[in-house]
Amino acid sequence: MSSENLNQQRQNVIISKSHRSEQCRRLQFEDAEINAIEREGTYL
């Protein structure tokens, strides 16, 4: 495998990792929002 291919694969791994952590943050944010709404007893 050429070094160019290796670099491309490395980029893809980095991108997929950051994408996953972004999704994880969004899910945590939504959970926090839902919990706050349930505590208030009001639904937006």
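Quick note on numbering: my numbering labels position 4 of the sequence shown as 29, and the sequence is numbered without any gaps.
Even glycine gets a Cβ: it sits at the ideal position worked out from N, Cα and C.
Asked: Hey, how far is the Cα of residue 62 from the Cα of residue 32?; Found: 45 Å
Asked: In three-state terms, what does DSSP make of residue 41?; Found: helix
Asked: Helix, strand or coil, according to DSSP, for residue 28 in the structure here?; Found: helix
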